[in-house]
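Going by numbering that gives the first Met the number 0, the first residue of the sequence shown is number 0, and it counts up by one from there. Glycine included, each C-beta is placed from N, C-alpha and C at the ideal position. Everything below concerns the one structure shown next.
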Amino acid sequence: MPYSYADIVIPKPVHQTFQYRIPADLLNQVAVGKRVKVPFGRQVIHGVVVGLSSRAEVEKIKLIIEVLDDHPVINPDLMALSEWISSYYFSPPGITLKMIVPPNLAEPKTKRSYLLNIPLSQIEAEMAGLKRSPRQAEILQLFLAHQTDKWDESWGDPSACKALVSKNLLLAVEEEVLRNPYTKEIQGAAAPILNDEQSVALQKIKPAIEKGEFYPFLLYGITGSGKTEVYLRALEHNLSLGKEGILVVPEISLTPQMIDRVEGRFSGKVAVIHSGLSAGERADAWRRIQNGEVSIVVGVRSSIFAPFRRLGLIIIDEEHDGAYKQENDVKYHARDTALVRAKKAGAVVLLGSATPALETYYNSQIGKSERVLLTRRVAGRPLPAVTLVNLKETEMALKGGGISRPLHEAILKRLERKEQTLLFLNRRGFSPFLLCYDCGFSLKCRHCSVSLTFHKKTGSFHCHYCDFTTVPLVVCPQCHGSNLAYLGQGTEKIEEELIALYPEARVARMDRDSMAKKFAHDHILGEMRENKIDILVGTQMVTKGHDLPSITLVGVLCADTILNLPDFRSAEKTFQTLTQVAGRAGRGDTPGEVFVQTFNPDHYSVVYAKDQDYHGFCEKELLFRKELNYPPFTRMISFLLSGKNEKQVEEKTRQFAGLLARYKSSSIEMLGPAQAPLYKLNGNYRWRCLIKGKEIRKVQEISRDIIREWTPLKKNGVRLEIDVDPQNLM
Ligand code: ADP
Ligand code: ZN
0 MPYSYADIVI
10 PKPVHQTFQY
20 RIPADLLNQV
30 AVGKRVKVPF
40 GRQVIHGVVV
50 GLSSRAEVEK
60 IKLIIEVLDD
70 HPVINPDLMA
80 LSEWISSYYF
90 SPPGITLKMI
100 VPPNLAEPKT
110 KRSYLLNIPL
120 SQIEAEMAGL
130 KRSPRQAEIL
140 QLFLAHQTDK
150 WDESWGDPSA
160 CKALVSKNLL
170 LAVEEEVLRN
180 PYTKEIQGAA
190 APILNDEQSV
200 ALQKIKPAIE
210 KGEFYPFLLY
220 GITGSGKTEV
230 YLRALEHNLS
240 LGKEGILVVP
250 EISLTPQMID
260 RVEGRFSGKV
270 AVIHSGLSAG
280 ERADAWRRIQ
290 NGEVSIVVGV
300 RSSIFAPFRR
310 LGLIIIDEEH
320 DGAYKQENDV
330 KYHARDTALV
340 RAKKAGAVVL
350 LGSATPALET
360 YYNSQIGKSE
370 RVLLTRRVAG
380 RPLPAVTLVN
390 LKETEMALKG
400 GGISRPLHEA
410 ILKRLERKEQ
420 TLLFLNRRGF
430 SPFLLCYDCG
440 FSLKCRHCSV
450 SLTFHKKTGS
460 FHCHYCDFTT
470 VPLVVCPQCH
480 GSNLAYLGQG
490 TEKIEEELIA
500 LYPEARVARM
510 DRDSMAKKFA
520 HDHILGEMRE
530 NKIDILVGTQ
540 MVTKGHDLPS
550 ITLVGVLCAD
560 TILNLPDFRS
570 AEKTFQTLTQ
580 VAGRAGRGDT
590 PGEVFVQTFN
600 PDHYSVVYAK
610 DQDYHGFCEK
620 ELLFRKELNY
630 PPFTRMISFL
640 LSGKNEKQVE
650 EKTRQFAGLL
660 ARYKSSSIEM
670 LGPAQAPLYK
680 LNGNYRWRCL
690 IKGKEIRKVQ
700 EISRDIIREW
710 TPLKKNGVRL
720 EIDVDPQNLM
């Protein structure tokens with residue numbers, strides 16, 4: 000007997016499921032994993048069936064209106080994963096599911112096309128009658144020229160086609176299109192012969208894939224050691240066993256070069272997922288995966304939700320990257336979620352990095368994953384030599400500039416030798432502070448507690464957190480003096496300095512401002528590759544994963560920007576960034592050199608990065624973390640309360656903290672309430688409480704109780720955001 004009731008989750012910020020009755024005519028259509036149209040309050044919304052039952056749990060029960068899918072869109076694996084995410088990260092189940100499934104799956108895109116409605120042999124005769132409509136005649140001519148009865152989009156002029164339809168010369172048809180933005184045939188470069196370390200790595204990974212059981216690896220390989228080649232071989236082996244694989248990379252590393260490397264090796268079997276896809280393209284990629292048309296997905300964070308059914312391998316490249324944590328809506332971590340998915344699917348996970356996150360390093364140390372090492376660069380290339388430049392003592396090439404003398408000398412040498420230089424500065428814009436020398440006033444954002452950055456290109460001040468923009472000041476708004484100073488330097492100012500110092504050099508800048516245009520990023524990387532650029536200066540986005548063999552010099556203009564952040568991970572992030580950016584140098588035949596300018600040449604994160612001693616850094620950092628009870632030795636949940644009314648937020652935070660305090664024990668630690676380092680953001684005042692404990696289960700249990708107690712006390716206008724394993728504590 001079919002079930003008569005369905006449990007349905009709806010995309011609203013609520014945690015329960017809702018029961019609906021299945022009308023008789025839909026009894027055979029309703030199934031777990033399908034989307035349905037249901038009444039909810041006064042609305043009609045799309046929900047997902049998550050369970051079936053034969054008994055009503057409530058008295059007044061509503062009816063399902065319509066079933067939207069012929070087949071379940073969410074397979075059992077993904078359904079279970081979604082449940083795990085909702086319960087682990089405290090996200091409403093309907094919102095989690097909505098995130099996993101592309102929204103417009105039900106409406107495959109159709110495209111208007113045209114068919115010739117007369118025999119080809121009649122075209123010339125008809126054209127004679129179209130003397131006064133040359134565009135229409137031209138279209139007909141194209142059918143003839145191509146000897147086809149099917150219109151091609153590239154011929155253009157749909158309006159002329161429409162006119163031809165009204166004359167019965169063409170037929171209009173709707174055809175379903177699958178949007179695949181990567182259709183070009185790629186001839187991949189031949190696979191290189193593996194070196195010893197790569198072979199050893201694969202000798203461990205391949206049998207694990209064959210076994211078909213969950214097994215996590217940490218592939219720790221220094222920059223330029225050929226990790227990507229190991230990924231490709233692992234994917235190849237996985238594919239040869241008839242299994243599907245996912246390769247996840249940080250957004251910024253998903254360059255055409257990366258896509259070509261994968262497509263070239265597995266032509267026609269790959270779907271690419273990135274954030275630039277339209278909703279329709281994403282839905283189509285999803286469909287191609289679900290229909291089994293592709294067996295490899297390469298893409299960003301959300302690729303871990305690819306609806307494969309025979310998943311054998313998930314690879315997370317640059318697994319330490321902060322971008323793997325989603326910061327809005329559902330605050331999931333793609334690496335951790337991938338591990339859970341692989342556990343459920345019996346798949347192998349490969350976490351790759353030259354600077355694995357401390358948590359990942361620790362897990363491999365206590366045997367939660369197997370460590371596989373690539374300790375040498377390919378082709379015997381050496382790691383670059385790193386020199387620290389003490390900004391407290393060193394003279395700058397230009398007074399008040401950002402390039403020190405030693406770095407300047409090194410750049411000159413590169414220009415002479417026609418080699419490339421990469422400069423990294425973690426600040427965009429021209430000048431990050433405006434200060435009044437007379438009264439000490441500094442210009443802040445009206446909506447956020449940060450200084451405004453002056454951008455020369457727009458001639459105005461910008462807030463880097465909200466969209467606030469204001470015109471430049473001539474006098475100080477506080478004392479009306481005119482002794483205003485533009486302090487500090489961003490990439491825009493450095494670019495100017497470079498042009499002044501090296502008028503002959505071709506200088507380019509890569510940051511969020513210069514990269515606003517679509518594909519601008521790929522364009523610059525292409526120009527670097529073709530040696531059309533001598534010096535590239537940029538923000539964080541230049542530090543990641545790129546393989547540009549002509550760069551022989553890397554300069555870090557200020558190593559201290561991350562170090563000074565009030566975050567327990569600031570040393571780790573500094574070490575990672577320095578090591579990664581240094582790793583961009585010397586990837587070709589000429590050895591590389593790195594200059595790191597810093598006010599803290601003695602800080603251990605800088606010193607270990609200079610020596611490129613990852614293990615040394617980790618051991619030292621682990622001691623600190625242990626002493627201070629920070630991850631990986633404890634697990635954390637952050638509660639952020641925010642709202643426009645400063646008093647109200649503070650009051651509510653204190654009330655919330657009061658609830659929290661009652662759960663304090665020898666094994667559960669509470670931090671806060673404290674104003675968030677970014678106290679005001681977008682006009683919202685922000686307070687944070689943290690709870691820490693050895694076992695995540697215990698910490699979560701308490702959190703669940705607190706949230707239950709909090710629900711009747713909460714106040715409109717004060718928002719509570721829960722972040723499990725928070726990465727960003729700003
Ligand atoms: P990583 O990701 O570890 O930084 P890549 O995978 O980008 O390093 O490899 C660096 C370069 O070395 C790439 O151009 C790659 O094609 C090349 N490479 C990788 N493995 C080999 C090999 N076994 N022999 C020769 N070249 C290789
Ligand atoms: Zn702002």
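Proximity test, residue i beta-carbon vs the ligand ADP heavy atom, cut-off 7 Å
i: S132; result: no
i: T354; result: no
i: V377; result: yes
i: R586; result: yes
i: E228; result: yes
i: G225; result: yes
i: I204; result: no
i: Q579; result: no
i: Q419; result: no
i: P91; result: no
i: D546; result: yes
i: R590; result: Correcting the residue identity first, residue 590 is Pro in this sequence and not Arg. No, the ligand ADP has no heavy atom inside 7 Å of this Cβ.
i: Q197; result: yes
i: P255; result: no
i: P102; result: no
i: P191; result: yes
i: G220; result: yes
Whether residue i touches residue j by CB criterion (8 Å)
i: G585; j: T551; result: yes
i: P631; j: E358; result: yes
i: P255; j: E228; result: no
i: V698; j: I706; result: no
i: K516; j: E491; result: no
i: F638; j: I534; result: no
i: Y436; j: N362; result: no
i: G311; j: A346; result: yes
i: P38; j: K61; result: yes
i: D566; j: L728; result: yes
i: Y464; j: L640; result: no
i: A333; j: I288; result: no
i: F655; j: F616; result: no
i: V248; j: E318; result: no
i: E387; j: P590; result: Sequence inspection shows Leu at residue 387; the Glu mentioned does not correspond to that position. Not closer than 8 Å, so no.
i: V377; j: G587; result: no
i: Y485; j: F440; result: no
Residue i, DSSP secondary structure in three states
i: A124; result: helix
i: K210; result: helix
i: G582; result: coil
i: E58; result: coil
i: H446; result: coil
i: K691; result: strand
i: Y436; result: coil
i: F632; result: coil
i: Y501; result: coil
i: I192; result: coil
i: N389; result: strand
i: Q289; result: helix
i: K36; result: strand
i: M669; result: strand
i: H332; result: strand
Buried versus exposed, by CB contacts within 10 Å (16 or more), residue i
i: E496; result: buried
i: I314; result: buried
i: P476; result: exposed
i: K391; result: exposed
i: I204; result: buried
i: E734; result: What is shown of the chain runs 0 to 729, which leaves residue 734 out entirely.
i: K609; result: buried
The ligand SAM heavy atom lying under 7 Å from the CB of residue i
i: P157; result: Looking for the ligand SAM in the displayed structure turns up nothing; the ligands present are the ligand ADP and the ligand ZN.
Strictly closer than 5 Å from CB to any heavy atom of the ligand ZN: give me those residues in the order they appear in the chain. C444, H446, C447, C462, Y464, C465, F467
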